[in-house]
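Per the numbering used here, residue -1 is the first one in the sequence shown, and the count goes up by one each step. Virtual Cβ for every residue (Gly too), placed ideally from N, Cα, C. Bear in mind the structure is a predicted one, so any value in this text is a computation, not a measurement. Data block below; observations after.
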Amino acid sequence: MVDGEKISIDLSPLPASLRIKADRSGFDLILWTQGKNWVVVRCRSCGTVSRKRRSVVRDTRIECKHCIRARRLAAEHKIGVTLIGAAIDNHKYGLFLLPCGHISRRQYGLIEAAAQGKHKVGCVECREERYTCEAKNQGWDLVGPPTSGKPGYRNYNHRCGQRQDVSVGNMSNGDVDCSGCGESWSSKPSAIYLFWIGLSSGEVIKLGYSNNPRRRLRQQLKIAKGVRTKILRVIPMPTGHTACVEEKALHSQMKRTHAKLIVPKHKYGDGINTRTEIYRVEAREIILQMMDAVAARFPDTEDPDDDLN
Ligand SMILES: [Zn+2]
Ligand SMILES: [Zn+2]
Ligand SMILES: [Zn+2]
């Protein structure tokens, strides 16, 4: 019995060349079956005996179904997904139950690659739900795929009724101009901020602007959970446009006068999801003083401590 089937047995000698081919795939050649069109082989890893077509052993690298299944099971276990069925249309795909509870059609190979840490098994439905929330925060509704078909874009509906394509990144940051009512990110209030970030590769500070510094620090900069961070200073700015102009001016001032305090990207790498705007902690007092000068020119009308005279 092999693979649950009764088979004929032929004990005539097996050619050494075929034995070598099987050996290269990690199998022992055992005997002929079915008029020498097939052979019986044994997987050396798990001992499972199976039937293979002679030409397949000769021409390809054969694999053990039992070992493949064990390998895939280990991968599924590692990343927390469960195979619930095979895709009908393509043997390379299976249907998986993801940790979030959604079901997704995925390539088996990708599940294994994910288990090796080569990429993440994201959930499309969860991702779209996230995009929906991010848009809501900005006063837009996610409608669906972009009319342009551009990757990284979605179609959104503004509260004024205007529908347009926006990149998901810009929507998440609130950098959206509505071509219907003219509401613009650059005309909405914003702020210049200074963060302290205690990366394991060394403490740094980050100067930037955002309409929501707290969210910028917690979410958008993709700083690892265990890393300590602090908001050192936030200066409210009347519009995103002024915040942008003032912040750029601060960076170029730093570049001119304290270029040595700029931390190059390779020093912090993926620790912070940004390419520039990172300084050594020694820059802290210098930048705070520069920010004082900016704050003096843009008194915060909502802050009773700010002297308006
Ligand atoms: Zn095996
Ligand atoms: Zn999901
Ligand atoms: Zn609008």
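_Residue closest to Arg226, alpha-carbon to alpha-carbon, out of Ala247, Ile270 and Arg51_ = For this step, residue 226 is matched to residue 228 along the sequence shown. That would be Ile270, whose Cα lies nearest to the Cα of Arg226.
_Taking only three categories from DSSP, how would you classify Glu181?_
Your numbering for residue 181 matches position 183 in the sequence shown. Reduced to three states, the DSSP call for Glu181 is coil.
*Helix, strand or coil for Ala222 per DSSP?*
As a position in the sequence shown, residue 222 is number 224, starting the count at 1. Looking at Ala222 - three-state DSSP - the assignment turns out to be coil, as it is neither helix nor strand.
*Is there at least one non-hydrogen atom of ligand 2 closer than 7 Å to the beta-carbon of His328?*
In the structure displayed, the chain extends from -1 to 307; residue 328 sits before or after that span and is not available.
*Between the CA atoms of Gly178 and Gln136 - distance to the nearest angstrom*: Position 138 of the sequence shown, counted from the first residue, corresponds to residue 136. Position 180 of the sequence shown, counted from the first residue, corresponds to residue 178. Gln136 and Gly178: Cα-Cα distance of roughly 15 Å.
*Extent of the continuous beta strand (DSSP E) run through Thr272*: Residue 272 sits at position 274 when you count from the first residue of the sequence shown. Careful: Thr272 lies outside any beta strand (DSSP E) and carries neither H nor E.
*CB of Leu93 to nearest heavy atom of ligand 2: below 7 Å?*
As a position in the sequence shown, residue 93 is number 95, starting the count at 1. Outside the cutoff, so no.
*Can Glu123 be considered in contact with ligand 3, in the sense that its beta carbon sits closer than 7 Å to one or more heavy atoms?*
Residue numbering aside, residue 123 sits at position 125 when the sequence shown is read from its first letter. No; taking the cut-off as 7 Å, the Cβ of Glu123 has no heavy atom of ligand 3 nearer than that.
*To the nearest angstrom, how far is it from the Cα of Ser23 to the Cα of Pro13?*
Position 25 of the sequence shown, counted from the start, is the residue given in the question as residue 23. Position 15 of the sequence shown, counted from the start, is the residue given in the question as residue 13. Whole-angstrom Cα-Cα distance: 16 Å.
*Along the beta strand (DSSP E) that carries Gly83, what are the first and last residues, could you check?*
Residue 83 sits at position 85 when you count from the first residue of the sequence shown. Residues Thr80 to Ala84.
_Inter-residue Cα distance where the pair is Asn307 and Ile229_ = In the sequence shown, the residue the question calls residue 307 occupies position 309. In the sequence shown, the residue the question calls residue 229 occupies position 231. Interpretation of Asn307 is limited by its pLDDT of 36, a score under 50 that renders its predicted location unreliable; the figure taken from the coordinates is listed afterwards. If I take the Cα positions, the gap works out to 28 Å.
*Please look up how many angstroms separate the CB atoms of Pro297 and Pro236, rounded, as I've assumed it's under 8 Å.*
Here residue 297 corresponds to residue number 299 of the sequence shown, with the count starting at 1. Here residue 236 corresponds to residue number 238 of the sequence shown, with the count starting at 1. About 10 Å separates the two Cβ atoms, so there is no contact after all.
_Runs of 4 residues minimum, wholly inside the stretch 188 to 254: which ones carry the alpha helix (DSSP H) assignment?_
none
*Determine the closest residue to Asn209 out of Ile60, Tyr129, His239 and Ile203, with distance taken between C-alpha atoms.*
Translated into positions along the sequence shown, residue 209 becomes position 211. The candidate whose alpha carbon is nearest that of Asn209 is His239.
*Contact between the stretch 27 to 40 and the stretch 48 to 56: three or more CB pairs below 8 Å?*
yes
*the stretch 193 to 202 in contact with the stretch 244 to 256 per 3-pair CB rule at 8 Å*: no
_beta strand (DSSP E) runs contained entirely in the stretch 71 to 144, provided each spans 3 or more residues_ = 80 to 84, 91 to 95, 101 to 105 and 138 to 142
*Apart from the five residues on each side of it in sequence, which residues of its chain come closer than 7 Å, Cβ to Cβ, to Tyr266?*
Within the sequence shown, the letter at position 268 stands for residue 266. Same-chain partners within the cutoff: Leu197, Ser199, Val202 and Ile276.
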